[in-house]
Amino acid sequence: MERVILNAGNIHRTFISGERRLEVLSGVELIVREGATIAIVGASGSGKSTLLQILGGLDAPDRGSVELAGEDLYSLPDRRLAVLRNESIGFVFQFHRLLSDFNALENVMIPGLIRGDSRRAVVKRATDLLGLIGLDHRMYHRPSELSGGEQQRVAVARSLVNEPRIVLADEPSGNLDPTNARHLEDVMWELVDRKGTSLIVVTHDERLAARADIRLTLVNGLLEA
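Numbered according to the numbering used here, the sequence shown terminates at residue 388, and the numbering increases by one at each position without gaps.
#1: Assign Asp235 to one of three DSSP states: helix, strand, or coil.
#2: Going by the DSSP bridge assignment, what does Thr177 pair with across the sheet?
#3: How many whole angstroms separate the CB atoms of Ala388 and Leu362, which I take to be in contact at a CB cut-off of 8 Å?
#4: Going by the DSSP bridge assignment, what does Leu379 pair with across the sheet?
#5: Given Leu347, which residues of its chain have a CB within under 8 Å of its CB, disregarding the five upstream and five downstream residues?
#6: In the DSSP assignment, find the unbroken alpha helix (DSSP H) run with Ile217 in it and report its ends.
#7: What are the start and end residues of the alpha helix (DSSP H) that includes Ala289?
#8: Quick one: what's Arg226 bridged to in DSSP?
#9: Could you tell me if Ser281 is buried or exposed, where buried requires 16 or more neighbouring beta carbons within 10 angstroms of its beta carbon?
#10: Who are the near neighbours of Arg378 in its chain, counting only those whose CB is closer than 6 Å to its CB and skipping five residues on each side?
#11: What's the C-alpha gap between Val286 and Met272?
#12: Expressed to the nearest angstrom, what Euclidean distance is found between the alpha-carbon atoms of Arg328 and Val191?
#13: With DSSP as the reference, label Glu387 as helix, strand or coil.
#14: Please determine, among Thr366, Leu221, Met302, the residue with the shortest C-alpha to C-alpha distance to Ser207.
#15: Considering only DSSP beta bridges, list what Phe254 is partnered with.
#16: If you count every other CB in all the chains shown that lies within 10 Å of the CB of Thr200, and 16 or more means buried, which is it?
#17: Near Gly172, what residues of its chain come up, given a Cβ to Cβ distance below 7 Å and the 5 sequence neighbours on each side ignored?
#18: Does the separation of the CB atoms of Val382 and Ser209 fall below 8 Å?
#19: Please identify the residue among Leu354, Val330, Leu385, Tyr237 whose C-alpha is closest to the C-alpha of Val364.
#20: Does the beta-carbon of His259 have 16 or more other beta-carbons within 10 angstroms, so that it is buried, or is it exposed?
#21: Buried or exposed: Ala245, going by 16 or more other Cβ atoms within 10 Å of its Cβ?
#22: If I follow the unbroken alpha helix (DSSP H) through Leu354, where does it start and stop?
#23: With H, G and I counted as helix, E and B as strand and the rest as coil, what does DSSP make of Glu269?
#24: With 16 other CB atoms within 10 Å as the buried threshold, where does Gly181 fall?
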């Protein structure tokens, strides 16, 4: 049986605005095994993005735990949590969040350089990834010189440059036209399959959700198969 990469238990999250309390997560349980692809769907405002941020160590739950490769994210010191996020989690968001002053190659390299890897090794990994996604001829172009689909493919490559255990993608193709969206999804699935990386993707697109091994719906603060 594949190893458990991520184990989230009894996740609760409530937002308070004035006298109004909105409980968006009410005891979420989730186990992610090595190499699994999971799609999480649900109505707008149901808490999908909040859940993804908690799973990725970006937003602490009110109650509950998230274990990544045996380490409880929210019991770690801030410095160790930052290191673990950079080494073991890749993030892809709806908007690419590339740095405008750096070219595609440099943007992909950033997580590896932050980790302290040798520049030569990071250049090799980043160049290989850009080749796999068909952008080796665009690696010296800045984000403003790339199309929206190309920018998102660079973001996918960046998420994988440190060879993370899991990639978390929040509506990764939601800002693209249908043709570019399909291309991005093909690239993402091919890369995570090739690298053996687990993937959780939050989406409102049922066609994309159908590509995952497991499809879950977030409803009334809980995940349902």
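Don't be surprised by glycine CBs; every beta carbon is placed ideally from N, CA and C.
Judging by the given coordinates:
#1: In the structure shown, Asp235 sits in a strand (DSSP, three-state: E or B).
#2: DSSP lists Glu186 as the beta-bridge partner residues of Thr177.
#3: So it is not a contact: roughly 17 Å between Cβ atoms.
#4: Beta-bridge pairing links Leu379 to Ile203.
#5: Gly312, Gln315, Arg316, Val319, Pro335, Ser336, Leu339
#6: Element bounds for Ile217: 211-218.
#7: 282-295
#8: His175
#9: It counts as exposed.
#10: Ala202, Ala372
#11: 7 Å
#12: 21 Å
#13: strand
#14: It is Thr366 whose Cα lies nearest to the Cα of Ser207.
#15: Leu331
#16: Classification of Thr200: buried, given that the 10 Å Cβ count is 16 or more.
#17: Glu192, Gly227, Ser228
#18: yes
#19: When each option's Cα is compared against that of Val364, the closest is Val330.
#20: buried
#21: exposed
#22: Residues 341-358.
#23: Reduced to three states, the DSSP call for Glu269 is helix.
#24: exposed
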